[in-house]
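A.B. asks: One structure, pasted below without further comment.
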Amino acid sequence: MISANLSAIFYLVSGVLFILALRGLSSPETSRQGNLFGIFGMIIAVTVTFLSIGSFSSGFIFVIIFIVAGGSIGAFIAYRIPMTAMPELVAGFHSLVGLAAVFVAISAFLNPIAFNLGLPGNIKLGSLIEMSIGAAVGAITFSGSVIAFLKLQGIMSGSPITFKGQHPLNAIILISIIILIYLLCSTQSSNFFWILLFVSFLIGFLLIIPIGGADMPVVISMLNSYSGWAAAGIGFTLENTALIITGALVGSSGAILSYIMCKGMNRSFFNVIMGGFGATDDTSSKSSKEQRPVKSGNADDAAFLMKNASSVIIVPGYGMAVAQAQHALREMVDTLKKNDIKVSYAIHPVAGRMPGHMNVLLAEANVPYDEVFELEEINNDFANADVAFVIGANDVTNPVAKTDPQSPIYGMPVLDVEKCKSVLFVKRSLSPGYAGIDNDLFYKENTLMLFADAKKMTEDITKNL
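Each number in my numbering comes from the position in the sequence shown (counting from 1) with 1365 added on.
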């Protein structure tokens, strides 16, 4: 056992390491170092928590068993999971954080003596407020993350599921949660506690179901924030400084990221919180019902256009991730550079299925950081580029976001690839993107469709180059 003062010092050290981890993760160049800071901080926090218990009872042995079992399962999943499924993994882990917060709140409410919160029916007011807020946010995080996981996994449609009166209903339920927390704190009735949990689980489903697939990266960021606040609320219940610090860091950083992404996508931050911000009554584009002619080519055609270009902009997307074509793409780019062709990468904030998805894949292929540009940095360059090579990026290149008010992605800034002299679009078929709408870029006069697996097509282009 270690003293309370020593525990506080070690918790402070772990908190500093978590802050350094976030600082490191803000840049690809320092991300590995940031990850190590986070690992060391968590090791210190967990070790100090165990040493602070004071006695090694039979219950302690069960905790060790569960940690080993859970840690082994988590390590196995993380080791086996492909990069394409990383967003689903994140959503799944968020759901577990929320569910853990709910379980801790239930335990503390049913047995407050074990948590030093008072007697049953006479729990300290401050602890009850923290516990109820943590439980509510945890329940919302769990159910919302389950829906996000189902949408990302393809088990549930990525198209928005909407109904009339959706926003007013969400607002009423959120207000009812506040009222239930007040009644619970006033009466400490178990009925209000269970009703609060049920209503919180319900609003989690209703918040995420109406959100379209194109907006799913923002959902992941938002749920990340929710999981942090849930952990912080339960940290107060457990009187665990490290959990409070960690939860606050995750919650605040997730909220800031959500705000930045909403601003970049021209979405309302308030609508993110209320749910259904990517939804419209008509989720299908008229163009998806039309049969329009497209121009298709092969690797030889693409190589010819690239060899005669002076500048090429690569636009990676989820299709590149599915085909694991990032290394083949790097090879192709190296070949282009040998022919004195200027090459750069254009990254949309929500390309892929989660924030930074494409950046991670390109970093894995050792793409130089100074060649990778965000949307606002490179969008004006498309008009002066000879070739845009789009490899699986569908919704983020769709011009209807600028022209069709009925489109579910209307108002979302997109990459202006159609302004290039020539557009090479690698895709298996003309199927719509994750938002469930057709891409007008397929049918542009300057677009050449390359129907193939992204990795094989890229390798064939490199051979022809």
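Think of the CB as a built atom: it goes at the ideal place given N, C-alpha and C, for glycine as much as any other residue.
Where do the ends of the beta strand (DSSP E) carrying SER1676 lie?
C.D. replies: Here the beta strand (DSSP E) through SER1676 covers 1676-1681.
A.B. asks: By Cβ distance below 7 Å, which residues in the same chain neighbour LYS1654 in space, the five residues on each side in sequence not counted?
C.D. replies: Low local confidence applies: a pLDDT of 45 at LYS1654 is under 50, so the model's placement there is unreliable, with the coordinate-based value given in what follows. Closer than 7 Å at Cβ, skipping near neighbours: no residue.
A.B. asks: Excluding the five sequence neighbours on either side, which residues of its own chain have a C-beta within less than 7 Å of the C-beta of GLN1689, listed in chain order?
C.D. replies: Around GLN1689: LYS1820.
A.B. asks: Could you check whether ALA1504 and VAL1462 sit closer than 7 Å to each other, using their CB atoms as the reference points?
C.D. replies: No, they are not a contact pair.
A.B. asks: Could you give the distance in angstroms between the alpha-carbon of MET1451 and the alpha-carbon of HIS1722?
C.D. replies: Approximately 8 Å between the Cα atoms of the pair.
A.B. asks: Starting from VAL1708 and walking both ways along the beta strand (DSSP E), at which residues does that stretch end?
C.D. replies: From DSSP, the beta strand (DSSP E) with VAL1708 extends over 1707-1712.
A.B. asks: Pop quiz: LEU1622 and PRO1778 are said to be a contact at Cβ under 8 Å. What is the actual Cβ separation, rounded to whole angstroms?
C.D. replies: Wrong, their Cβ atoms sit about 17 Å apart, outside the cutoff.
A.B. asks: Tell me, please, whether the stretch 1585-1599 touches the stretch 1609-1618 by the rule of three or more beta-carbon pairs shorter than 8 Å.
C.D. replies: Short answer: they touch.
A.B. asks: Specify the secondary structure class of ASN1487 as computed by DSSP and reduced to three states.
C.D. replies: Looking at ASN1487 - three-state DSSP - the assignment turns out to be strand.
A.B. asks: For ARG1657, which option in ILE1367, GLY1380, ILE1438, ASP1803 has the closest C-alpha, if you only look at C-alpha atoms?
C.D. replies: Among ILE1367, GLY1380, ILE1438, ASP1803, the Cα nearest to that of ARG1657 is on ASP1803.
A.B. asks: Alpha helix (DSSP H) containing VAL1381: first to last residue?
C.D. replies: Start and end: 1369-1390.
A.B. asks: Leaving aside the five residues before and after VAL1413 along the sequence, list all residues of the same chain whose C-beta is less than 6 Å from its C-beta, in chain order.
C.D. replies: Hits under 6 Å: SER1372, PHE1375.
A.B. asks: Just tell me which of GLU1453, GLU1495, ILE1446, SER1508 has its CA closest to the CA of LEU1464.
C.D. replies: LEU1464 has its Cα closest to that of SER1508, out of GLU1453, GLU1495, ILE1446, SER1508.
A.B. asks: Can you tell me whether DSSP reads PHE1458 as helix, strand or coil?
C.D. replies: Residue state, collapsed to three classes: helix.
A.B. asks: Which of the three DSSP states, helix, strand or coil, is assigned to ILE1756?
C.D. replies: In this structure, ILE1756 counts as strand in the three-state DSSP scheme.
A.B. asks: Per DSSP, what are the beta-bridge partners of MET1814 in this structure?
C.D. replies: According to DSSP, MET1814 bridges with SER1661, PHE1790.
A.B. asks: Please report the distance separating the alpha-carbon of GLU1783 from that of LEU1830.
C.D. replies: Going by the C-alpha atoms only, they are around 24 Å apart.
A.B. asks: THR1827 and THR1700: beta carbons closer than 7 Å?
C.D. replies: Cβ atoms of THR1827 and THR1700: closer than 7 Å.
A.B. asks: By how many angstroms is the C-alpha of VAL1511 removed from the C-alpha of LEU1571?
C.D. replies: Looking at the two C-alpha atoms, the distance is approximately 12 Å.
A.B. asks: Counting beta carbon pairs with one atom in the stretch 1705-1716 and one in the stretch 1728-1744, are three or more of them shorter than 8 Å?
C.D. replies: As far as the Cβ criterion goes, the stretch 1728-1744 touches the stretch 1705-1716, which means the pair count is three or higher.
A.B. asks: Can you tell me where the alpha helix (DSSP H) with VAL1584 in it begins and where it stops?
C.D. replies: 1581-1603 is the span of the alpha helix (DSSP H), which, as asked, contains VAL1584.
A.B. asks: In whole angstroms, what is the alpha-carbon distance linking VAL1732 and ASN1605?
C.D. replies: When rounded, the distance between both Cα atoms is 42 Å.
A.B. asks: Here's a check: name, in chain order, each residue in its chain whose Cβ is nearer than 8 Å to the Cβ of ASN1811, leaving out the five neighbours to either side.
C.D. replies: Excluding positions up to five away in sequence, the list reads GLU1783, CYS1785, LYS1786, SER1787, VAL1788.
A.B. asks: With DSSP collapsed to three states, give me the class of VAL1411.
C.D. replies: VAL1411 falls in the helix class under three-state DSSP.
A.B. asks: Taking the C-alpha atoms as reference points, what is the distance between LEU1475 and SER1554?
C.D. replies: Looking at the two C-alpha atoms, the distance is approximately 11 Å.
A.B. asks: At a cut of 8 Å, does the stretch 1582-1589 reach the stretch 1486-1493 through at least three beta carbon pairs?
C.D. replies: Short answer: they don't touch.
A.B. asks: Under 8 Å by Cβ, that's how I've got LEU1382 and PHE1415 pegged, so tell me the actual separation to the nearest angstrom.
C.D. replies: Incorrect: roughly 18 Å between the Cβ atoms, too far for contact.
A.B. asks: State the CB to CB distance for the pair VAL1725 and VAL1755, rounded to an integer number of angstroms; the pair is presumed to be in contact (CB under 8 Å).
C.D. replies: About 19 Å separates the two Cβ atoms, so there is no contact after all.
A.B. asks: Can you tell me which residues form a DSSP beta bridge with VAL1737?
C.D. replies: Per DSSP, TYR1710.
A.B. asks: Can VAL1752 and VAL1698 be called in contact, C-beta distance under 7 Å?
C.D. replies: No.
A.B. asks: Starting from the C-beta of PRO1681, find all residues in its chain whose C-beta is less than 8 Å away, skip the five residues before and the five after it, and write them out in chain order.
C.D. replies: Here the set comprises GLN1691, LEU1694, TYR1710, ILE1712, ALA1716, MET1723, LEU1726, LEU1727, ILE1756, GLY1757, ALA1758.
A.B. asks: Could you give the DSSP three-state label for LYS1809: helix, strand or coil?
C.D. replies: LYS1809: coil per DSSP, three-state reduction.
A.B. asks: Measure the C-alpha to C-alpha separation of ASN1487 and PHE1480 and round it to an integer number of angstroms.
C.D. replies: ASN1487 and PHE1480: Cα-Cα distance of roughly 13 Å.
A.B. asks: Which whole-angstrom value is the C-beta distance of LEU1484 and ALA1473, which I expect to be below 8 Å?
C.D. replies: With 8 Å as the limit, LEU1484 and ALA1473 do not qualify as a contact, their Cβ atoms being about 13 Å apart.
A.B. asks: Just to confirm my understanding: we take LEU1517, look at its own chain, exclude 5 residues before and 5 after, and list those with CB closer than 7 Å. What are they?
C.D. replies: Around LEU1517: PRO1452, GLU1453, ALA1456, MET1581, ARG1718.
A.B. asks: When the distance is taken between beta carbons, is ALA1410 closer than 7 Å to ALA1607?
C.D. replies: In this structure, ALA1410 lies closer than 7 Å to ALA1607 by Cβ.
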